[in-house]
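Number of protein chains: 2
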Amino acid sequence: MDSLDLMKSLAIKNDKKIIFLVIDGLGGAAHPQYGKTELEVALHPNLDRIAKESLCGLAIPVDYGITPGSGPGHLALFGYDPVRYLIGRGVLEVLGLGFNMTSDDLAFRGNFATISDGIVVDRRAGRISSEETKNLIDKIQKSIKKIEDVEIFLIPGKEHRFAGVFRSKRLREEIADNDPHKEGNKPHKILPLNNNKDTIFTASVVEKFISEVSEILKDEKKANYVLLRGFAKYPYIPKMQEVYKLNPVAIAVYPMYKGLAQLVGMEIVDECETVYDELKKLKELFNKPYDFYYVHIKDTDKLGEDGNFEEKVKKIEEIDKIVAEIFSLNPDVLVITADHSTPSSLKGHSWHPVPVAIWSKNPSTPKNNIEKFTEENFSKGMLGTIYSKKILSLAMAYTGKLDKYGA
Amino acid sequence: MDSLDLMKSLAIKNDKKIIFLVIDGLGGAAHPQYGKTELEVALHPNLDRIAKESLCGLAIPVDYGITPGSGPGHLALFGYDPVRYLIGRGVLEVLGLGFNMTSDDLAFRGNFATISDGIVVDRRAGRISSEETKNLIDKIQKSIKKIEDVEIFLIPGKEHRFAGVFRSKRLREEIADNDPHKEGNKPHKILPLNNNKDTIFTASVVEKFISEVSEILKDEKKANYVLLRGFAKYPYIPKMQEVYKLNPVAIAVYPMYKGLAQLVGMEIVDECETVYDELKKLKELFNKPYDFYYVHIKDTDKLGEDGNFEEKVKKIEEIDKIVAEIFSLNPDVLVITADHSTPSSLKGHSWHPVPVAIWSKNPSTPKNNIEKFTEENFSKGMLGTIYSKKILSLAMAYTGKLDKYGA
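Okay, structure coming up:
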């Protein structure tokens, strides 16, 4: 019995409400200039007050030393083993562009490129503008809607980038890219990576798509070819309803997080553009019969990636006020954590464990003497250091959503 | 995907240098007479200074309550699951005697014994001297070099003990010992443990070897028979180069540790006889293009096994000065840990977690307020308690040798 089977056998439906607040990239690391982390420098009395009454610790999203992408980081928070359940690059790209995938879809990423005498001379087509890309995608999409029984959907991205899906029950993901990865080479053929007849069919459809596109683009100066890569089917992940008997809803601004939530069966809220919209939406939905509210706050991650320590500190201080409002909704459990750390000093995601606070109305919740919501203080919390995929089962336990195991 | 596959897919080659200092049996336990551990009594300002700037914690070599042998203890430090990758007893013995095994070899341990009327009357041949054993081994080896196409190599050990290998591509390890384990019994036949024809062949060759040896020894008073056990093939373990893209070198005095390092693909330095030779060699090799230096210091373990608390304390104080010299080489990461604990009070290896300090130039390394390099202080370190097999991936993360996992 794997851990999802165990959850499935123990999960109990009740009306207790869990708010799962994911402050993206919240965890940091000591900044050389300050000698402290963002959380150590920021003033966040509300986070601190909640931490003092919470089960606190550190969480490892994937494993020791592993820097998670947003996909694995989130899957772990939703209780799934992020090494077992993989989300292909194409799928994340398509979800990130806000496209609504179905389980028949084969997703991919694409670039416009420049080809001359059969040789790729510029893999990025001179980095044409997003506007030009949009126009070219419209033009292609107008002529190509289907190849054989395979529907095709294209989504423009930034600069020379786009993404798309091929839709048909017959498609397989085991096909090679056509991107030669170095200029001065011929593009590769789209090759099937096994002998399955559906795989061979998939490769032939993609190959045909590329040649039809080339024909459409043949008079373009720069963008006269497309390079496709990251082919990935919509992954099968057991839904949270099925595994945890939860009725979950996702409140997020950015498409990728909504897409990730949809993969595990969450209902998606579409209208939020700021964190204040999210708060408003959460308040609105709090009387609805959901029992799991995933709330995603993005800005901390962006500022960490920018290497902007001061602004990340300020953003944490701003979010602290929102935390107070969320807390005032009086949930049965409030989890505050992150999908990964994004230290400003590293300008990117990192492998550092993230703080996790599990606040609960349940009187059995251990209280800490933690004075401040910081990485180092949390390393001394009663929860210790755990894998992120274990957080959800704790939240469920503290809301009575898990039955006794064995007699 | 298992954890080595994950490492393989994420490992990045760069020229950052990791020194992995393994102070054998470093961890201790409170001694009844002193009420403190060896590390608590010893003065080791250099270890303490490094600990203060390191990510510190405790490491469990195999699992809670499991006392590791040197084999599993080291495999874990090299990033392998010590329960999945087993090194047979015969192999460790042969490596420990400094014999250079090949992947065709079937290793074993042997005893000289006394047999009378087909009954084993002394399993240790009256504990004949190492000198006598050496002479007998020479005599046997002179007459028996091969049986069928199987080459035979014998290596004398201490007192009545020896070891050896049978070399041929056809050999299998699934054969039973001939040691009856109790005196007054007949020696067992060497039986194949399955029906594979190579297994049956192996058993017949070993049986033939024993009977040829008996013939050679028939006039010996004490050592007129041999008991063989611990048959084990050279194990397949994926090399560190392949899994971690590292270019590793091992600096050790004792053959067993060099053998263990060789099993995982490390280059071996042969000329060291003392820890000072090791330090000299490390300095010499530090400008060479290695990126992983495994340095093994043995004496702490030996003194622990002797139950010599005072001398183990003194040895730690001596090693502390060597640590300062290693640190002055300015590696990108310096890991200081042990393959297992060897508390003097227990006179042997133990299951107690070992201290681990991961010092790194990377500014994102959490600093502790740890005042002294001891077991109890380290239990409060920010690393927490981890499995030893996770240490290497952390060392790699802090040197930028691991790519992001997932998008």
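Those protein sequence lines, which keep their order, are chains A and B. Position 128 (the first sequence) corresponds to 314 in the numbering used here; numbering is contiguous. Position 222 (the second sequence) corresponds to 408 in the numbering used here; numbering is contiguous. All C-beta atoms in this analysis are idealised placements derived from N, C-alpha and C, irrespective of residue type, glycine included. Since we're looking at a predicted model, the values are computed, not measured.
From the options, pick the residue whose C-alpha is nearest to that of residue i; which is it?
| i | options | result |
| --- | --- | --- |
| B:Glu359 | B:Leu292, B:Asp234, B:Met287 and B:Asp487 | B:Leu292 |
| A:Asn364 | A:Ala299, A:Glu406, A:Phe352 and A:Phe339 | A:Ala299 |
| A:Leu390 | A:Leu322, A:Phe352 and A:Lys372 | Per the sequence shown, residue 390 of chain A should be read as Ser rather than Leu. Comparing Cα positions, the closest option is A:Phe352. |
| B:Ala349 | B:Lys372, B:Gly251, B:Pro366 and B:Thr319 | B:Thr319 |
| B:Lys576 | B:Ala237, B:Asp290, B:Pro441 and B:Val542 | B:Val542 |
| A:Lys404 | A:Val227, A:Ile204 and A:Ile301 | A:Ile301 |
| A:Ile544 | A:Ile505, A:Ile361 and A:Phe559 | A:Phe559 |
| A:Leu580 | A:Val227, A:Gln219, A:Cys242 and A:Leu233 | A:Cys242 |
| B:Asp492 | B:Lys500, B:Glu470, B:Pro517 and B:Gly534 | B:Gly534 |
| B:Phe294 | B:Ile338, B:Asp267 and B:Ile252 | B:Ile338 |
| A:Pro399 | A:Asn555, A:Glu504 and A:Asn297 | According to the sequence displayed, residue 399 of chain A carries Val and not Pro. Here the closest residue by C-alpha is A:Asn297. |
| A:Ala409 | A:Leu322, A:Lys466, A:Lys474 and A:Asp506 | A:Leu322 |
| A:Glu226 | B:Pro552, B:Asp188 and B:Lys444 | B:Pro552 |
| A:Ile305 | A:Gly370, A:Gly416 and A:Gly255 | A:Gly370 |
| B:Trp537 | B:Ile236, B:Met568 and B:Gly255 | B:Gly255 |
| B:Ser565 | B:Ile246, B:Ala583 and B:Ser189 | B:Ile246 |
| A:Val248 | A:Glu239, A:Phe264, A:Ala436 and A:Ala510 | A:Phe264 |
| B:Ala237 | B:Asn554, B:Tyr266 and B:Phe206 | B:Asn554 |
| A:Leu229 | A:Glu504, A:Phe472, A:His367 and A:Asp384 | A:Glu504 |
| B:Ile273 | B:Lys484, B:Gly445 and B:Val208 | B:Gly445 |
| B:Thr288 | B:Lys355, B:Lys331, B:Asn232 and B:Ile333 | B:Lys355 |
| A:His367 | A:Asn494, A:Leu414 and A:Gly251 | A:Leu414 |
| A:Tyr584 | A:Met193, A:Lys501 and A:Ile204 | A:Ile204 |
Would you mind telling me which residues of chain B sit closer than 9 angstroms to residue i, beta carbon to beta carbon, in chain order?
| i | result |
| --- | --- |
| A:Lys598 | For residue 598 of chain A there is no data in the structure shown, the boundaries of chain A being 187 and 593. |
| A:Leu278 | Gly592 and Ala593 |
| A:Ser302 | The premise fails here: A:Ser302 is roughly 31 angstroms from chain B at the closest Cβ pair, so nothing lies under 9 angstroms. |
| A:Ser256 | Gly592 and Ala593 |
| A:Pro421 | Neighbours of A:Pro421 on chain B: none; closest Cβ ~12 angstroms, over 9 angstroms. |
Starting from the beta carbon of residue i, find every residue of chain B whose beta carbon is closer than 7 angstroms, and list them in chain order.
| i | result |
| --- | --- |
| A:Arg275 | Ala593 |
| A:Ser536 | Ser550 |
| A:Glu360 | Within 7 angstroms Cβ-Cβ: nothing; A:Glu360 doesn't reach chain B, min ~16 angstroms. |
| A:Glu562 | Pro552 and Met568 |
| A:Leu413 | Ordered by position in chain B, no residue passes the 7 angstroms Cβ test against A:Leu413, which lies about 18 angstroms from the chain. |
I want to verify the contact list: residues of chain A whose CB lies under 7 angstroms from the CB of residue i, in sequence order.
| i | result |
| --- | --- |
| B:Met187 | Val269 |
| B:Ala197 | Simply none; closest approach about 11 angstroms. |
| B:Ile572 | Tyr250 |
Which partner residues of residue i appear in the DSSP bridge assignment?
| i | result |
| --- | --- |
| B:Asp166 | No statement about residue 166 of chain B is possible, as the shown extent of chain B runs from 187 to 593 and does not include it. |
| B:Glu337 | B:Lys332 and B:Arg353 |
| A:Ser546 | A:Val519 |
| A:Glu453 | A:Val435 |
| A:Ile423 | BP columns for A:Ile423 are empty, so no partner. |
| A:Ile571 | Note that residue 571 of chain A is Thr in the sequence shown here, rather than Ile. Paired residues: A:Leu244. |
| A:Leu263 | The partner list for A:Leu263 (beta bridge, DSSP) is empty, contrary to what the question assumes. |
| B:Ala197 | B:Leu588 |
| B:Ala418 | B:Ala293 |
| B:Phe478 | B:Ile204 and B:Pro434 |
Can you pull the chain A neighbours of residue i, defined as C-beta to C-beta under 8 angstroms?
| i | result |
| --- | --- |
| B:Met582 | Gly251 |
| B:Leu192 | Asp249, Ile252 and Val269 |
| B:Lys553 | Ala216 |
At a CB-CB cut-off below 9 angstroms, which residues of chain A make contact with residue i?
| i | result |
| --- | --- |
| B:Ser579 | Asp249, Tyr250, Gly251, Ile252 and Trp537 |
| B:Lys576 | Asp249, Tyr250 and Gly251 |
| B:Leu588 | Gly251, Ile252, Thr253 and Trp537 |
Using a C-beta to C-beta distance shorter than 8 angstroms, which residues of chain B count as neighbours of residue i?
| i | result |
| --- | --- |
| A:Leu532 | Ser550 |
| A:Pro441 | Within chain B, no residue comes near A:Pro441; the closest Cβ sits about 13 angstroms away, beyond 8 angstroms. |
Of all the beta strand (DSSP E) runs that stay within the bounds of the region 480-544 of chain B, which reach a length of 3 or more residues?
For the region 480-544 of chain B, whole beta strand (DSSP E) runs of length 3 or above, ordered along the chain, are 519-523.
Cβ contact (3+ pairs, closer than 8 angstroms) linking the region 211-222 of chain B and the region 521-531 of chain B:
Result yes; three or more Cβ-Cβ pairs closer than 8 angstroms.
Do the region 306-326 of chain B and the region 338-349 of chain B touch if we need at least three Cβ pairs shorter than 8 angstroms?
Touching, per the Cβ criterion.
Determine, using beta-carbon pairs with one atom in the region 425-433 of chain B and one in the region 190-198 of chain B, whether at least three such pairs fall under 8 angstroms.
Taking 8 angstroms as the limit for Cβ pairs, the verdict is that the region 190-198 of chain B does touch the region 425-433 of chain B.
Secondary structure, alpha helix (DSSP H): runs of 4+ residues fully inside the region 356-414 of chain B:
383-403, all fully within the region 356-414 of chain B.
Could you name each continuous alpha helix (DSSP H) segment of 4 residues or more that falls completely within the region 269-348 of chain B, going from the start of the chain to the end?
List check, alpha helix (DSSP H) in window: 275-282 and 316-329.
Can we say the region 583-591 of chain A touches the region 432-451 of chain B, given the rule of at least three CB pairs closer than 8 angstroms?
They do not touch, by the three-pair rule.
Closer than 8 angstroms is the cut-off here; do at least three beta carbon pairs connect the region 271-282 of chain A with the region 218-227 of chain A?
Because the criterion of three Cβ pairs below 8 angstroms is not met, the region 271-282 of chain A and the region 218-227 of chain A do not touch.
At which residue ranges does the region 207-253 of chain A contain complete alpha helix (DSSP H) runs of 4 or more residues, listed in the order of the chain?
Within the region 207-253 of chain A, the complete alpha helix (DSSP H) runs of at least 4 residues are 224-227 and 231-238.
Using 8 angstroms as the cut-off, can you tell me whether the region 324-332 of chain A makes contact with the region 361-378 of chain A, which would need three or more C-beta pairs spanning the two stretches below that distance?
Here the region 324-332 of chain A makes no contact with the region 361-378 of chain A; the two share fewer than three CB pairs at distances below 8 angstroms.
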